[in-house]
Each structure stands twice: as C-alpha cells, then as structure tokens.
Ligand code: CTP
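And the structure:
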C-alpha cells in the first residue's frame with residue numbers, strides 16, 4: 030500500500046517592505062517541526078517551512094519559503110498529490126502593499142505602512158478539497174473554542190487544533206481538538222512532541238474512516 034503523504038507547514042512567514050525590513054510574528058515553528066518528525070515515522074512527509082532556527086527532521090522533504098505568497102505556491106502545487114495537510118504555520122494575514130527594492134531612508138516624519146490581505150491558504154484548500162484530510166490551527170487570545178469552531182466550518186476542515194497564543198515560543202502546549210463531527214477534546218498541558226503524536230493519531234483515524242490513501 031502507498032504510504033500516507035503528509036504536507037505540513039510550519040513557522041512564521043515574513044512579509045518584506047524593503048530588502049532588510051519586514052512584518053512577521055512570534056511563531057518558532059516548534060509545533061510544525063514536531064508534527065513533521067512524528068509523521069515521518071508513519072508516512073511520507075513534505076515540510077513547507079517559513080524561516081525558523083530549527084533543523085528539519087530526518088527523512089522529510091524540506092521546502093523553505095519566506096512569504097505567505099511563496100508558501101501558498103508551494104502548498105497549492107503539491108495539494109493534489111497529498112493525503113493529509115496540517116497547516117501549523119502562522120501565516121501572516123497581511124503584507125505591505127508596496128515593497129521597495131532599496132533600503133528606505135528615514136525622513137524624520139511619520140511613516141505609515143499600508144498592508145493588504147494575503148491569500149488565506151487553508152480557506153482555499155478547504156474550497157478545493159477532494160479526498161484530503163485538512164487540519165488547521167487556531168491561535169487565539171480569547172474565546173478560543175468559539176473562534177476555532179467558526180474557523181473549522183468556514184475553512185471546511187476535518188480537525189482544528191485550538192491553542193492559546195501563550196504557547197507560541199514554549200516547549201509545551203495546551204490544546205483543544207475540535208472535530209468536524211462536533212467532538213471536542215481538551216488535552217492537558219504536554220510537550221509539543223506529545224501534542225504532535227496526539228494530532229497524528231487523530232489524522233490517521235480520519236484517514237482510515239475515509240479509507241485513505243485513495244489510489
Ligand atoms: N492560515 C492560512 N493562511 C493565512 C492565514 C492563516 O492558511 N493567510 C491558516 C493557519 O495556518 C492556521 C489557520 O489558518 O492553520 C488559522 O489561522 P489564524 O491566523 O489563527 O486565523 P485566521 O483564519 O487568519 O482568522 P483570524 O485572524 O480572524 O483569527
């Protein structure tokens with residue numbers, strides 16, 4: 030039987046407005062890399078990663094990207110061939126509308142940076158979904174479960190991992206798993222490696238339900 034092919038995204042994206050300055054976020058990539066490591070033990074893995082300080086796990090196909098646009102291109106180009114997508118990346122929702130090709134000089138006056146929306150990769154994957162299992166993350170500061178439920182429906186996901194933004198740089202995470210069928214699981218605080226194994230278990234169960242992978 031063909032191994033299950035996982036496409037996992039990780040890390041932040043970086044949205045430049047001149048060659049040395051950018052807008053980004055605090056994502057370390059640890060959750061996504063832990064998922065890629067766990068998935069590599071049970072299947073084939075493509076890890077699409079924004080800039081992080083981490084070493085890719087052994088045995089994964091590693092695709093490095095910088096911006097949300099590059100991440101979208103890397104993910105969309107591989108979507109048709111994969112069985113499970115886990116969007117653990119903290120994709121920037123906005124990017125500077127204009128990008129200067131030279132370093133901007135200070136003027137001493139007020140500087141207003143205009144931002145425009147990036148493509149919502151996961152929303153688009155949900156629209157184009159055929160047989161893939163889609164897993165998303167919801168990083169929230171408040172009303173975690175409520176917002177996560179909404180994202181699950183809106184983005185046509187099979188599972189959403191809701192976590193508190195306090196977990197961003199740490200070694201542990203406290204997550205709530207919300208399934209498409211309405212099941213809600215509150216997991217206790219555990220290492221990101223353990224959270225990764227728990228998510229993987231649910232992904233594999235979802236694959237079996239749909240008799241994945243489809244040949
Ligand atoms: N995501 C994505 N593309 C984006 C933004 C987010 O694919 N441009 C994915 C993330 O990888 C994550 C999920 O969408 O799996 C949720 O991201 P989040 O930023 O928490 O939520 P948003 O949908 O952007 O909604 P909001 O900003 O309103 O919280």
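In the numbering used here, the protein residues as written are 30 to 244.
Note that CB positions come from ideal geometry on N, CA and C, so glycine has one too.
Bridge partner(s) assigned by DSSP for residue i
i, result
"residue 192", "168 and 204"
"residue 116", "38 and 165"
"residue 50", "47"
"residue 93", "78"
"residue 245", "Residue 245 falls outside the range modelled here, since the chain spans only 30 to 244, and no answer is possible."
"residue 198", "Paired residues: none, contrary to the question."
"residue 125", "144"
"residue 238", "DSSP, once it has assigned bridges, lists no residue as partnering residue 238."
"residue 219", "202"
"residue 73", "34"
Inter-residue Cα distance where the pair is residue i and residue j
i, j, result
"residue 40", "residue 30", "32 angstroms"
"residue 115", "residue 137", "44 angstroms"
"residue 243", "residue 214", "Its pLDDT being 44, under 50, residue 243 is placed unreliably in this model, and the coordinates cannot settle the point."
"residue 62", "residue 231", "18 angstroms"
"residue 101", "residue 216", "30 angstroms"
"residue 187", "residue 208", "6 angstroms"
"residue 121", "residue 147", "7 angstroms"
"residue 126", "residue 171", "29 angstroms"
"residue 60", "residue 225", "7 angstroms"
"residue 52", "residue 158", "30 angstroms"
"residue 234", "residue 96", "32 angstroms"
"residue 107", "residue 90", "12 angstroms"
"residue 189", "residue 206", "6 angstroms"
"residue 66", "residue 124", "30 angstroms"
"residue 237", "residue 83", "32 angstroms"
"residue 241", "residue 173", "Since pLDDT at residue 241 reaches only 46, below the 50 mark, its modelled position is unreliable, and the value read off the structure follows with that caveat. Going by the C-alpha atoms only, they are around 30 angstroms apart."
Pick from the options that is closest to residue i, judged by C-alpha positions
i, options, result
"residue 128", "83, 109 and 50", "50"
"residue 118", "93, 111 and 207", "93"
"residue 210", "217, 182 and 113", "182"
"residue 85", "64, 171 and 52", "64"
"residue 70", "35, 145 and 91", "35"
"residue 133", "90, 88 and 45", "45"
"residue 33", "108, 112, 189 and 98", "112"
"residue 37", "48, 43, 47 and 68", "68"
"residue 130", "236, 238, 48 and 103", "48"
"residue 153", "202, 42, 145 and 98", "98"
"residue 155", "105, 184 and 202", "184"
"residue 104", "239, 161 and 212", "161"
"residue 110", "145, 204, 135 and 74", "74"
"residue 42", "150, 88 and 87", "150"
Does the region 152-167 come into contact with the region 176-191, if we say contact requires no fewer than three beta-carbon pairs (one atom in each stretch) closer than 8 angstroms? Taking a contact to require three or more Cβ pairs closer than 8 angstroms, the region 152-167 and the region 176-191 qualify as touching.
Please determine if the region 219-230 and the region 73-85 are in contact, where contact requires at least 3 C-beta pairs separated by less than 8 angstroms. Between the region 219-230 and the region 73-85 there are fewer than three C-beta pairs closer than 8 angstroms, too few to call the two in contact.
Mind the definition here: the region 50-63 touches the region 193-206 only if three or more C-beta pairs lie below 8 angstroms; say whether that holds. Taking 8 angstroms as the limit for Cβ pairs, the verdict is that the region 193-206 does touch the region 50-63.
Evaluate contact between the region 184-194 and the region 137-146, counting only Cβ atoms and requiring at least three cross-stretch pairs below 8 angstroms. Not touching, per the Cβ criterion.
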